[in-house]
Amino acid sequence: MPDITFPDGKIIKFKNNVSGLMIVETIGKSLAKEACVISVNGKLKDLNYEIKENSSVRIITSKDKEGLEILRHDAAHVLAMAVQELFPGTQVTIGPIIEDGFYYDFSRKEPFTKDDLEKIENRMKEIVDRDEITKREVWKKSDAINHFKKIGEHYKVQIIETISNDEEISIYHHGKWQDLCRGPHLLSTGRIGKAFKLTKVSGAYWRGDSKNEMFQRIYGTCWNNEKDLNNYLTRIKEAEKRDHRKLGKEMDLFHFREESPGSVFWHSKGWTLFLKLIDYMRIKQKNAGYQEINTPELLDKSIWEKSGHWEKFGELMFTSTTPDEKIFAIKPMNCPGCVQIFNRGLKSYRDLPLKMSEFGKVHRYEPSGALHGLLRVRAFTQDDAHIFCTEEQITQECLSVTNLILEIYKDLGFTNIILKYSDRPEVRVGDDKVWDKSEAALLEAIKASKLEYSVNKGEGAFYGPKIEYILRDAIGRDWQCGTLQVDLNLPGRLGATFIDKDGSKKIPVMLHRALFGSLERFIGILIEHYAGKLPLWLSPVQTIVLPISQDFDDYAKKVFEQLRKAGINCEVDLKNHKINYKIREHFLAKIPLLLICGKKELDTNTITIRRLGSEKQETINLDKAIRDISSQNKFPLN
RNA sequence: GCCCACAUAGCUCAGUUGGCAGAGUACUUCCAUGGUAAGGAAGAGGUCGCAAGUUCGAUUCUUGCUGUGGGCACCA
1140 MPDITFPDGK IIKFKNNVSG LMIVETIGKS LAKEACVISV NGKLKDLNYE IKENSSVRII
1200 TSKDKEGLEI LRHDAAHVLA MAVQELFPGT QVTIGPIIED GFYYDFSRKE PFTKDDLEKI
1260 ENRMKEIVDR DEITKREVWK KSDAINHFKK IGEHYKVQII ETISNDEEIS IYHHGKWQDL
1320 CRGPHLLSTG RIGKAFKLTK VSGAYWRGDS KNEMFQRIYG TCWNNEKDLN NYLTRIKEAE
1380 KRDHRKLGKE MDLFHFREES PGSVFWHSKG WTLFLKLIDY MRIKQKNAGY QEINTPELLD
1440 KSIWEKSGHW EKFGELMFTS TTPDEKIFAI KPMNCPGCVQ IFNRGLKSYR DLPLKMSEFG
1500 KVHRYEPSGA LHGLLRVRAF TQDDAHIFCT EEQITQECLS VTNLILEIYK DLGFTNIILK
1560 YSDRPEVRVG DDKVWDKSEA ALLEAIKASK LEYSVNKGEG AFYGPKIEYI LRDAIGRDWQ
1620 CGTLQVDLNL PGRLGATFID KDGSKKIPVM LHRALFGSLE RFIGILIEHY AGKLPLWLSP
1680 VQTIVLPISQ DFDDYAKKVF EQLRKAGINC EVDLKNHKIN YKIREHFLAK IPLLLICGKK
1740 ELDTNTITIR RLGSEKQETI NLDKAIRDIS SQNKFPLN
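Each residue of the first sequence is one higher than the last, beginning at 1140 in the numbering used here.
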């Protein structure tokens, strides 16, 4: 005779054991329709789960986040069911929910084709129409193993074998089909609805290990209703429109080619943007007390053996053999080179903290399948710096790095930043006392920043804890950019020392830090964040002068020359096209400002300005226009 | 690296069961000389990613390679 307590505190007394379904039916018909599962004392249960004791419950509908997740999980089951109906002999493995959808991994020799995907989706809809009833059973582990062995589901057997003995083994039936699953699930397949779509098929390793067999993974997305589904599909399309590879081509910024996969051919406009970012950062870093250095691209193998990189990453390094058989590695990191400069000459504690920055171009032989436009390349420029300091200085230095990073992100239009903190891994070097100190120092710096942060236990580098700075872009995607690592290892390995107050030789702590990480990657992110519409100061072509007709070419050229003298990146378009055509062409190329001149402007020494995204026209005095544009053409230094 | 798909004009793409390669756009020239998101006409433009194979004949079929895309794995 359970008393059922609702979230609003209301209590209903039932005479007998009661199920979620019975509860919602007492409340109302529409709720009974919408309900997915029920939360009983904080645990999600099937709607037909029998409640025997006094409990507090919450009805989960598909409008709740958990409800939508249940929907997606059911869709994954129905996907597997459809696949096994259509392709007997296919083994099922796992089928979890993911952001915006679900997937299911299958073991089958023949690949699924695009047509198969369509067939499967149609069959899924049939299964929804069939409205197969869900039934949950608890089996003995040995029974479950025997059963799945008998029906040839060998991966399920492996999964069951890893379930601990005190855990229940529940089997869900949807009609005749069954799957090992923790649940909970909807009452029947009809409750999923049809707002789902299979999106892609790809390969995925069993248990996520590349040594294992590769399965075929089918991805799908599933929503409450058609409208949400369509919103999602539109969102994907919008993201595609921002793709930096597409915009990079359209805006004539860069290209890639077969002869050097993963390396960027920067066109003039792209390189202008690249250099602008560096110019800007040079100023920021100089103000923050950094000195800029530059170290060789090629360093003898021996230095990489000393640093430990050869052993760990040797296979992923580009190397070069000289005619006299010496092996040089093209640097995959800047730090060993930087330490050489630190080591030059005796350093005193008075020199610390010593901050050395380097726009170092590094090469890494990334696996071919990892390459992705500017976001994952084999040759990239790090906005790197190494800070040599004492243990006591760690907190202060981490704080100032964090502040610098936040300032720079803000200047570039990113205000939504989260931090990821990773502490000591199991396999590590260095004394635990030093780890205590550096972890505490890093944490203190994070807390002082007042930013949201998550902790990744044991994910730090083997030589020290780290922070990763993650920014959220205009359409809500997260990108990991900056990083700050405390290094208790490399300075010692590479012989860095300083003379402390008491005259003794000590090994400094080294902080590795990158603001954007990779300039190439960051430019990719910037392009997508702004959908190509870069702020004026970053635009490679800030303005184009457009004469109305050829009679005004000379005036247009004069305006162009004056703009150029004022340090503005500009062009003049003397092509024999109508003004409508030119405006369309250059706005499509994301030029932020267009300056138009015709008879009116020539007579009055003015210019008419149009801004990207606006239909307004503004005719102003030429000198004033140049002054205005110049004043906008400045680094956003606070 | 692994699985699947794709590779045709500068760009975006079509090419129907193997028979001399197509459109739009950009480009060049000409006409029009224009007032705020595509004026008009003509011309030029391709070893159909590379290499083998099958065939009288391959952009089309087969195999290998390279690159790209979507994932997986990796990411100092």
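Positions of the beta carbon are idealized from the N, C-alpha and C atoms, including for glycine.
Take M1495 as the anchor and find which of G1322, G1621, G1569 and D1522 has the nearest alpha-carbon.
As a working note, residue 1495 is residue 356 in the first sequence. Nearest of G1322, G1621, G1569 and D1522 to M1495, Cα basis: D1522.
What residues match up with K1605 in a beta bridge as DSSP calls it?
Residue numbering aside, residue 1605 sits at position 466 when the first sequence is read from its first letter. In DSSP, K1605 forms a bridge with S1561 and Q1624.
C-beta atoms of S1303 and G1322 nearer than 8 Å
For the purposes of this step, residue 1303 is taken as the residue at position 164 of the first sequence. For the purposes of this step, residue 1322 is taken as the residue at position 183 of the first sequence. Not closer than 8 Å, so no.
Quick one: grab the DSSP three-state call for D1617.
Position 478 of the first sequence, counting from 1, holds the residue named residue 1617. Here D1617 sits in strand by DSSP.
Is the number of C-beta pairs between the segment 1661 to 1668 and the segment 1607 to 1621 that are closer than 8 Å three or more?
yes
Buried or exposed for R1396, please, with buried defined as at least 16 other CB atoms from any protein chain shown within 10 angstroms of its CB.
Residue mapping note: residue 1396 aligns to position 257 of the first sequence, counting from 1. By the neighbour-count rule (16 or more Cβ atoms within 10 Å), R1396 is not buried but exposed.
Are the beta-carbon atoms of F1354 and F1245 separated by less than 8 Å?
As a working mapping, residue 1354 is identified with position 215 in the first sequence. As a working mapping, residue 1245 is identified with position 106 in the first sequence. Cβ distance < 8 Å, so F1354 and F1245 count as in contact.
Output yes or no for whether 8 Å exceeds the beta carbon distance between K1470 and V1501.
Position 331 of the first sequence, counted from the start, is the residue given in the question as residue 1470. Position 362 of the first sequence, counted from the start, is the residue given in the question as residue 1501. Yes, the Cβ-Cβ distance between K1470 and V1501 is below 8 Å.
Run through DSSP, which three-state label would M1649 get?
Here residue 1649 is taken as the residue at index 510 of the first sequence, counted from 1. Strand.
Span separating the alpha-carbon of S1194 from that of H1324
What you label residue 1194 is simply residue 55 of the first sequence in a count that begins at 1. What you label residue 1324 is simply residue 185 of the first sequence in a count that begins at 1. Looking at the two C-alpha atoms, the distance is approximately 20 Å.
For A1221 versus M1263, is the C-beta distance shorter than 8 Å?
Taking the first sequence and counting its residues from 1, one reaches residue 1221 at position 82. Taking the first sequence and counting its residues from 1, one reaches residue 1263 at position 124. For A1221 and M1263, yes; Cβs fall inside 8 Å.
Which residues does DSSP list as the beta-bridge partners of S1539?
Residue mapping note: residue 1539 aligns to position 400 of the first sequence, counting from 1. None; S1539 has no bridge partner.
Three Cβ pairs or more, each shorter than 8 Å: is that satisfied between the segment 1690 to 1701 and the segment 1653 to 1662?
no
Secondary structure of H1406, DSSP reduced to three states:
Translated into the one-based positions of the first sequence, residue 1406 becomes position 267. Residue state, collapsed to three classes: coil.
Return the Cβ separation of E1607 and K1559 in integer angstroms, given the expectation that the two are a contact with Cβ distance under 8 Å.
Numbered from 1 along the first sequence, position 468 holds the residue referred to as residue 1607. Numbered from 1 along the first sequence, position 420 holds the residue referred to as residue 1559. Right, the Cβ-Cβ distance comes to about 4 Å (below 8 Å), so this counts as a contact.
By how many angstroms is the C-alpha of L1412 removed from the C-alpha of L1776?
Within the first sequence, the letter at position 637 stands for residue 1776. Within the first sequence, the letter at position 273 stands for residue 1412. Those two C-alpha atoms are separated by around 17 Å.
Measure from the alpha carbon of I1150 to the alpha carbon of each residue in V1196, Y1188, T1200 and A1174, then state which is nearest.
Numbered from its first residue, the first sequence carries residue 1150 at position 11. It is V1196.
Supposed contact pair R1330 and A1343 - C-beta distance, whole angstroms, cut 8 Å
For the purposes of this step, residue 1343 is identified with residue 204 of the first sequence, where counting begins at 1. For the purposes of this step, residue 1330 is identified with residue 191 of the first sequence, where counting begins at 1. Contact flag wrong, Cβ pair sits at about 28 Å.
What residue from I1375, T1144, W1676 and Y1311 has the CA that sits closest to I1614's CA?
Within the first sequence, residue 1614 is the residue found at index 475, counting from 1. Nearest of I1375, T1144, W1676 and Y1311 to I1614, Cα basis: I1375.
Identify which residue in E1306, Y1720, G1752 and I1735 has its Cα closest to the Cα of N1760.
For the purposes of this step, residue 1760 is taken as residue 621 along the first sequence, with counting starting at 1. The residue with the shortest Cα to Cα distance from N1760 is I1735.
In the DSSP assignment, the beta strand (DSSP E) including Y1311 goes from what residue to what residue?
Mapped onto the first sequence, residue 1311 falls at position 172. Unbroken beta strand (DSSP E) run through Y1311: I1308 to H1313.
C1477: first and last residue of the uninterrupted alpha helix (DSSP H) it sits in
Position 338 of the first sequence holds residue 1477. It spans C1474 to N1482 - the alpha helix (DSSP H) in which C1477 sits, taken as one unbroken run.
Return yes when the Cβ of L1386 is within less than 8 Å of the Cβ of G1409, no when it is not.
Counting from 1 along the first sequence, the entry for residue 1409 is found at position 270. Counting from 1 along the first sequence, the entry for residue 1386 is found at position 247. Against a cut-off of 8 Å, the Cβ pair of L1386 and G1409 comes out as no contact.
Report, in whole angstroms, the separation of the C-beta atoms of I1177 and K1184, which I expect to be a contact under 8 Å.
Here residue 1177 refers to the residue found at position 38 when the first sequence is read from its first residue. Here residue 1184 refers to the residue found at position 45 when the first sequence is read from its first residue. Right, their Cβ atoms sit about 6 Å apart.
Is T1520 buried or exposed, if buried means 16 or more other CB atoms sit within 10 Å of its CB?
If you number the first sequence from 1, residue 1520 lands on position 381. Under this definition T1520 is a buried residue.
Between the segment 1255 to 1273 and the segment 1222 to 1229, do at least 3 Cβ pairs fall closer than 8 Å?
yes
What does the Cβ neighbour count give for Y1720, buried or exposed, with the cut at 16 atoms within 10 Å?
Here residue 1720 refers to the residue found at position 581 of the first sequence. Burial call: exposed.
Quick one: residues in its chain with C-beta nearer than 6 Å to the C-beta of H1212, no 5 flanking neighbours on either side, listed in chain order?
Here residue 1212 refers to the residue found at position 73 when the first sequence is read from its first residue. So the qualifying residues of the chain are I1236.
Counting along the chain, where does the beta strand (DSSP E) carrying Q1521 start and finish?
As a position in the first sequence, residue 1521 is number 382, starting the count at 1. Segment A1518 to C1528, the beta strand (DSSP E) holding Q1521.
Among the candidates I1480, S1281 and K1336, whose CA atom is the shortest distance from the CA of Y1242?
Stepping through the first sequence from its first residue, residue 1242 is reached at position 103. Ranking I1480, S1281 and K1336 by Cα distance to Y1242 puts K1336 first.
If you follow the beta strand (DSSP E) that P1686 is in, where does it begin and where does it stop?
Start at 1 with the first residue of the first sequence, and residue 1686 comes out as number 547. Note, P1686: beta strand (DSSP E), T1682 to P1686.
Taking contact to mean 3 or more Cβ pairs, one atom from each stretch, closer than 8 Å, check whether the segment 1535 to 1553 and the segment 1504 to 1515 are in contact.
no
Please check the pair S1769 and G1706, which I expect to be a contact at CB under 8 Å, by giving their CB distance rounded to whole angstroms.
The residue you call residue 1769 lines up with position 630 of the first sequence. The residue you call residue 1706 lines up with position 567 of the first sequence. The Cβ separation is near 7 Å, so the contact holds.
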